[in-house]
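First residue of the sequence shown: 1472, per the working numbering; consecutive thereafter.
Note that beta-carbon positions come from the ideal geometry of N, C-alpha and C, so glycine has one too.
Just below is one structure, and these are the notes that go with it.
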Amino acid sequence: LKTQGTGADPVWAESGGKIKNYKYSWSNAVQTYNYSAGRVLINGHNLDFGSALSGSSIVWLNGHQEYAFDSGDPGNALRWEYSADNSTWYGDKYLSTRTHSGHAGNDAKSNWTGSVFFNGTSNNDSSMHHSSLSAFIPVSSLTVAPRYFRVTGRQTDNSDNNIKVNHAAGGGYNAMGGSSFNVFEMGA
């Protein structure tokens, strides 16, 4: 209920914070990539809102990624990215500051928590790593008003060992997992 000033009757009005639109994805597809592949699209997490989000909206990004390493000490830098045209992509918000000139350099920066720059796990065959994402961001603070969102990954160590999404590196009874990526457009 909104007041309209002295002497005016109150009226019902839109309230802020309401979910205006949302897109979500979940995948248990196994995907493998290494350092030589560069930054790769994580399969199953391409979201299309159909039109650009309102500049007065806030986006809430929420997700979970599971992955493993086959051997060595590779790192994994996950990013959520956005685009207005599904051609020019931006992954420029809340990036970590970790870089390494001898490896992936600035491409080692991630905007998911739990991303690993260096893996010190001794039992690569059965260990699963988990990265998560939860962020509220005004659309007006983004480089463009987005219509598209996606998730990318980058193996950050030039050892060229594999990263395996949604599955432990070994076979048999080793762990399998799933990954999600959710974007909510909310009223300001």
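Within 10 angstroms of its Cβ, does lysine 1473 collect 16 or more other Cβ (buried), or is it exposed?
Indexing the sequence shown from 1 puts residue 1473 at position 2. Flag for lysine 1473 reads exposed.
Let me check understanding here. Comparing Cα to Cα, which of His1601, Met1647, Ile1529 and Tyr1495 lies closest to serine 1611?
Here residue 1611 corresponds to residue number 140 of the sequence shown, with the count starting at 1. For serine 1611, the nearest C-alpha among the options comes from Ile1529.
If I measure Cβ to Cβ from histidine 1601 and keep anything under 6 Å in the same chain, skipping five residues before and after, which residues do I get?
Residue mapping note: residue 1601 aligns to position 130 of the sequence shown, counting from 1. Taken in chain order, the residues that qualify are Glu1537 and Gly1585.
Could you tell me the distance, in whole angstroms, from the CA atom of asparagine 1547 to the CA atom of asparagine 1582?
The residue given as residue 1547 occupies position 76 in the sequence shown. The residue given as residue 1582 occupies position 111 in the sequence shown. Looking at the two C-alpha atoms, the distance is approximately 11 Å.
Helix, strand or coil: how does DSSP classify glycine 1648 here?
On the sequence shown, residue 1648 is found 177 positions in, with the first residue counted as 1. Coil at glycine 1648, not helix or strand.
Within 8 Å, do at least three Cβ pairs link the stretch 1510-1522 to the stretch 1489-1502?
yes
Where do the N-terminal and C-terminal ends of the beta strand (DSSP E) with asparagine 1533 fall, by residue?
Taking the first residue of the sequence shown as position 1, residue 1533 is located at position 62. Here the beta strand (DSSP E) through asparagine 1533 covers 1529-1540.
Under a three-way DSSP split, which group does valine 1615 fall into?
The residue given as residue 1615 occupies position 144 in the sequence shown. Here valine 1615 sits in coil by DSSP.
Pop quiz: tyrosine 1619 and asparagine 1557 are said to be a contact at Cβ under 8 Å. What is the actual Cβ separation, rounded to whole angstroms?
Translated into positions along the sequence shown, residue 1619 becomes position 148. Translated into positions along the sequence shown, residue 1557 becomes position 86. About 5 Å; that satisfies the 8 Å criterion.
Tyrosine 1565: which of Asn1492, Ser1527, Ile1608 and Asn1632 sits nearest, CA to CA?
The residue given as residue 1565 occupies position 94 in the sequence shown. When each option's Cα is compared against that of tyrosine 1565, the closest is Ile1608.
Run of the beta strand (DSSP E) containing serine 1496, from where it starts to where it stops:
On the sequence shown, position 25 is the one that residue 1496 refers to. Run containing serine 1496: 1490-1498, per the beta strand (DSSP E) assignment.
Considering Cα atoms alone, identify which of Pro1545, Gly1521, Tyr1553 and Arg1510 is closest to tryptophan 1531.
Residue numbering aside, residue 1531 sits at position 60 when the sequence shown is read from its first letter. Of Pro1545, Gly1521, Tyr1553 and Arg1510, the residue nearest in Cα terms is Tyr1553.
On a Cα-Cα basis, can you pick out the residue from Asn1492, Ser1603 and Asn1577 that is closest to aspartate 1628?
Along the sequence shown, read from residue 1 onward, the residue named residue 1628 stands at position 157. Among Asn1492, Ser1603 and Asn1577, the Cα nearest to that of aspartate 1628 belongs to Asn1577.
Is the beta carbon of aspartate 1631 within less than 6 Å of some heavy atom of the ligand ADP?
For the ligand ADP, the structure offers nothing, since it holds no ligand at all.
In whole angstroms, give me the CA-to-CA distance for serine 1527 and aspartate 1631.
For the purposes of this step, residue 1527 is taken as the residue at position 56 of the sequence shown. For the purposes of this step, residue 1631 is taken as the residue at position 160 of the sequence shown. Looking at the two C-alpha atoms, the distance is approximately 43 Å.
Per DSSP, what kind of secondary structure is serine 1581 in: helix, strand or coil?
The count along the sequence shown starts at 1 and reaches residue 1581 at position 110. DSSP places serine 1581 in coil when its eight states are reduced to three.
For histidine 1600, the first and last residue of its enclosing beta strand (DSSP E):
Residue 1600 sits at position 129 when you count from the first residue of the sequence shown. Boundaries of the beta strand (DSSP E) around histidine 1600: 1600-1609.
Starting from the Cα of threonine 1623, find the closest Cα among Phe1652, Asn1633, Asp1519 and Arg1510 and give me that residue.
Here residue 1623 refers to the residue found at position 152 of the sequence shown. Of the residues Phe1652, Asn1633, Asp1519 and Arg1510, the one whose Cα lies closest to the Cα of threonine 1623 is Arg1510.
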